[in-house]
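What follows is a set of notes on a single structure, which appears directly below.
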Amino acid sequence: MNSLHGRRRIRLSLRLGAAVAITLFFLFPIYWLFMISFKTPDEIFSYPPKWYPGQLQLGNYAVLFKDGDATAVWHSLVVAGGSTLIAMFLGTICAYSLARFKTGGEHLANWIISQRMVPPIAVVFPIFLLYVWLGWVDTYVGVILLYTAFNLPYVIWMMRGYILDIPLALEDSALVDGCTRWQVIWRVVFPMCRAGLFATAIFTFVFAWNEFLFALVLTRTEVVTYTVQVTFYFGGQSNFWAKISAMSVLGTLPIFIVVAFMQRYLVRGISLGAVKG
Amino acid sequence: MAQATAPRQADFADRNFKYFLVGPSIFVLLIIGIFPLVYLLVVSFQGITMTETDTGFVGLRNYAHLFHDKRLWEALLHTVIFTAIALPLELVLGLAMAQLFVDRLPGRAVFIALLVLPVVVSPIVSGSTWSLLFDNRFGPINQIIGWFAGHEVPLLWTIKPSLVYPAIFAAEVWQWTPFMFLLLLAALANVDKSQLEAAAIDGAGWWRTFFRIVLPAIWPVMAVAILIRGLDLFRLFDIIWALTKGGPGTMTETLSIFTYVKGFQQFETSYTAAVALLIIVLLSVVVFAALKRVELAR
Numbered sequence: 012m013n014s015l016h017g018r019r020r021i022r023l024s025l026r027l028g029a030a031v032a033i034t035l036f037f038l039f040p041i042y043w044l045f046m047i048s049f050k051t052p053d054e055i056f057s058y059p060p061k062w063y064p065g066q067l068q069l070g071n072y073a074v075l076f077k078d079g080d081a082t083a084v085w086h087s088l089v090v091a092g093g094s095t096l097i098a099m100f101l102g103t104i105c106a107y108s109l110a111r112f113k114t115g116g117e118h119l120a121n122w123i124i125s126q127r128m129v130p131p132i133a134v135v136f137p138i139f140l141l142y143v144w145l146g147w148v149d150t151y152v153g154v155i156l157l158y159t160a161f162n163l164p165y166v167i168w169m170m171r172g173y174i175l176d177i178p179l180a181l182e183d184s185a186l187v188d189g190c191t192r193w194q195v196i197w198r199v200v201f202p203m204c205r206a207g208l209f210a211t212a213i214f215t216f217v218f219a220w221n222e223f224l225f226a227l228v229l230t231r232t233e234v235v236t237y238t239v240q241v242t243f244y245f246g247g248q249s250n251f252w253a254k255i256s257a258m259s260v261l262g263t264l265p266i267f268i269v270v271a272f273m274q275r276y277l278v279r280g281i282s283l284g285a286v287k288g
Numbered sequence: 400m401a402q403a404t405a406p407r408q409a410d411f412a413d414r415n416f417k418y419f420l421v422g423p424s425i426f427v428l429l430i431i432g433i434f435p436l437v438y439l440l441v442v443s444f445q446g447i448t449m450t451e452t453d454t455g456f457v458g459l460r461n462y463a464h465l466f467h468d469k470r471l472w473e474a475l476l477h478t479v480i481f482t483a484i485a486l487p488l489e490l491v492l493g494l495a496m497a498q499l500f501v502d503r504l505p506g507r508a509v510f511i512a513l514l515v516l517p518v519v520v521s522p523i524v525s526g527s528t529w530s531l532l533f534d535n536r537f538g539p540i541n542q543i544i545g546w547f548a549g550h551e552v553p554l555l556w557t558i559k560p561s562l563v564y565p566a567i568f569a570a571e572v573w574q575w576t577p578f579m580f581l582l583l584l585a586a587l588a589n590v591d592k593s594q595l596e597a598a599a600i601d602g603a604g605w606w607r608t609f610f611r612i613v614l615p616a617i618w619p620v621m622a623v624a625i626l627i628r629g630l631d632l633f634r635l636f637d638i639i640w641a642l643t644k645g646g647p648g649t650m651t652e653t654l655s656i657f658t659y660v661k662g663f664q665q666f667e668t669s670y671t672a673a674v675a676l677l678i679i680v681l682l683s684v685v686v687f688a689a690l691k692r693v694e695l696a697r
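Residue numbers (this note's numbering), protein chains in the order written: chain X, 12 to 288; chain B, 400 to 697.
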């Protein structure tokens with residue numbers, strides 16, 4: 012009995028040890044990125060490498076704000092925020108129609124989700140040529156429109172799932188009570204799937220916030236997002252490492268904070284709703 | 400009589416209403432769904448390049464060139480290699496991790512919350528981070544290898560042909576194994592415990608239990624995870640852009656990077672259109688076949 016108990020404890024400590032090792036491995040690159048952003052140039056380029064900065068100095072961030080590079084984060088916010096709002100509104104009413112009236116049947120639903128899977132490079136090329144013609148390259152309108160279009164399938168697909176989870180009886184009784192169709196959506200459906208709306212909006216925002224290829228092609232100077240700004244520092248000289256890391260942290264930290272509050276919805280959010288978690 | 404017509408009128412209103420709700424989304428989706436196809440099709444039959452702006456039609460010249468373009472087919476091969484190696488790697492590692500964390504463990508929630516982080520980092524940021532980690536002199540990876548080797552190891556991870564693939568796999572697997580882990584963890588947690596106990600009582604071994612009970616139970620989720628990751632890998636761009644930009648030479652060039660270089664650096668507009676169409680056709684076939692098998696729809 013005692014030896015069985017002992018074996019179980021050894022097993023548990025082995026598992027715990029493995030868990031710690033794995034977690035350290037996955038956290039180390041993030042740790043390193045954050046640490047570089049706090050290092051002085053001398054510390055960044057010291058050999059052998061320093062595993063932590065001498066002090067948490069914010070000089071690297073100050074440079075980004077002084078040079079105006081930090082506006083890239085603002086551009087990311089406008090682009091991701093704008094496209095999320097539009098996609099959420101259009102996508103949710105579309106999802107409602109698909110969920111409740113089976114509009115277009117399976118074919119339309121499948122077509123919509125397949126739009127999520129088209130290769131971005133093949134889409135952005137003709138879009139770029141169109142934007143050159145329209146004068147939309149390097150404008151908020153152009154980037155927000157493409158992000159909206161690319162995130163719509165995700166919003167529609169996720170919200171369709173969340174709306175299907177709501178009992179139909181509530182909407183029926185609201186209709187019987189004399190609500191119009193719009194009132195049913197605003198007063199019954201939206202409040203009922205508040206959590207789903209919120210979770211979907213967050214993930215849509217994160218996708219747009221982290222997007223790189225579209226922004227690389229469609230922005231130049233006016234609406235450069237933080238992901239593109241990071242690549243501007245590639246291959247440069249000395250203090251560019253500090254800029255890469257500080258800019259990356261500015262873009263990554265908000266996402267970490269947001270996701271920390273979204274744990275419950277994470278699995279459903281990243282599995283396109285296939286796993287309800 | 401009035402009762403008979405009232406519902407029909409409501410029906411009619413509903414029918415308009417439901418299309419009204421769908422309309423704006425469909426319109427926006429057509430921008431990426433139909434317009435590019437039509438535009439690519441037209442441009443691919445023209446002969447536009449950086450120096451040639453004549454929009455006259457040149458027939459199938461661009462398509463004929465597709466077949467002779469060694470660099471294109473190599474890019475396709477690289478894409479297939481990345482997918483064929485990274486996907487199983489992420490799947491197996493993710494599954495092993497999920498198995499480790501599925502049972503009770505002190506601090507389990509904290510571990511999982513931390514392991515999630517790589518998934519939400521922008522791929523361009525994780526690529527940049529790994530390029531800093533891989534730096535031959537100031538990066539920690541060569542330093543750690545040096546401890547084991549007992550002397551300095553100035554390995555050029557992002558430049559040396561024999562090392563670029565391992566470097567890209569490291570970054571790719573680091574970022575997306577947690578994705579597989581999260582999905583498979585959720586799936587494993589839903590496996591019927593009573594079946595597992597019954598199997599244990601019957602004396603079934605671990606492998607037997609896994610293949611007979613666990614795998615069939617988690618397969619629907621696993622299939623979705625494979626589909627999502629497979630498609631992402633097929634359009635791999637960001638991580639490689641940050642690490643090697645497709646180099647050395649064109650050694651790590653994927654279809655996405657090849658298309659980008661052709662279209663936005665060499666400005667072979669019409670040929671790029673043909674390449675983009677080829678990619679869409681290739682992927683549509685895969686997606687179509689996959690969607691039919693995978694239970695993404697409810």
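Here a beta-carbon is modelled for each residue, glycine too, at the ideal position from N, C-alpha and C.
Check, Outcome
"Reference A180(X), options S125(X), V199(X) and L224(X), closest by Cα", "V199(X)"
"Contact with chain B by F251(X), beta-carbon distance below 7 Å", "no"
"Residue from P131(X), T191(X) and Q194(X) whose Cα sits closest to the Cα of I430(B)", "P131(X)"
"Proximity test, Cβ basis, 7 Å: A497(B) and chain X", "no"
"Test item: CB-CB of K661(B) and E652(B) under 7 Å", "no"
"V89(X) versus L35(X), T103(X), L156(X) and T114(X), residue with shortest Cα-Cα distance", "L156(X)"
"Within-7 Å CB hit, L75(X) to chain B", "no"
"CB contact flag (A30(X), F426(B), <7 Å)", "no"
"Alpha-carbon spacing of S256(X) relative to G172(X), whole angstroms", "38 Å"
"Residue of L175(X), I104(X), L141(X) and Y244(X) minimising C-alpha distance to I523(B)", "Y244(X)"
"Proximity of T528(B) and P40(X) at Cβ, strictly below 7 Å", "yes"
"Sub-7 Å separation of F100(X) and K417(B) beta-carbons", "no"
"Contacts of L690(B) in chain X (Cβ-Cβ under 8 Å)", "N121, I124 and S125"
"Backbone secondary structure at Q66(X) - three-state DSSP", "coil"
"CB contact check: A616(B) to chain X, cutoff 7 Å", "no"
"Where W220(X) falls, given that 16 or more other Cβ within 10 Å makes a residue buried", "buried"
"Collapsed DSSP secondary structure at Q445(B) in the structure displayed", "strand"
"Beta carbon proximity, L229(X) to chain B, threshold 7 Å", "no"
"Cβ-Cβ distance between V518(B) and F578(B) below 7 Å", "yes"
"Residues near L75(X) by beta carbon distance below 8 Å, same chain, minus five either side", "A81, K254, A257, M258 and L261"
"Extent of the continuous alpha helix (DSSP H) run through A206(X)", "R205 to N221"
"Own chain, CB closer than 7 Å to T159(X), minus 5 neighbours either side, in chain order", "S94, I97 and A98"
"Top-ranked residue by Cα proximity to E117(X), from W168(X), L140(X) and P137(X)", "W168(X)"
"Beta-carbon proximity list for L475(B), same chain, < 7 Å, skipping 5 on both sides", "L654"
"Cβ of Y151(X) within 7 Å of any chain B Cβ", "no"
"Cβ-based burial, V491(B) [other Cβ within 10 Å; buried from 16]", "exposed"
"Sequence-distant residues of its chain with Cβ nearer than 8 Å to V563(B) (five each side left out)", "W556, T557, L642, T643, G646, P647, M650 and T651"
"Cross-chain neighbours of I55(X) in chain B, by beta carbon under 8 Å", "F537"
"F580(B) (DSSP reduced to helix, strand or coil)", "helix"
"Any chain X beta carbon closer than 7 Å to Q664(B)", "no"
"DSSP beta-bridge partners of F456(B)", "Q445(B)"
"Distance between L676(B) and A569(B) (C-alpha atoms, nearest Å)", "31 Å"
"Chain X contact residues for Q542(B), given Cβ-Cβ distances below 8 Å", "P59 and P60"
"T230(X) to T263(X) span [Cα, whole Å]", "20 Å"
"Exposure of M449(B), with buried meaning 16 or more beta-carbon neighbours within 10 Å", "exposed"
"Contact the region 65-75 of chain X vs the region 126-140 of chain X: 3+ CB pairs below 8 Å", "no"
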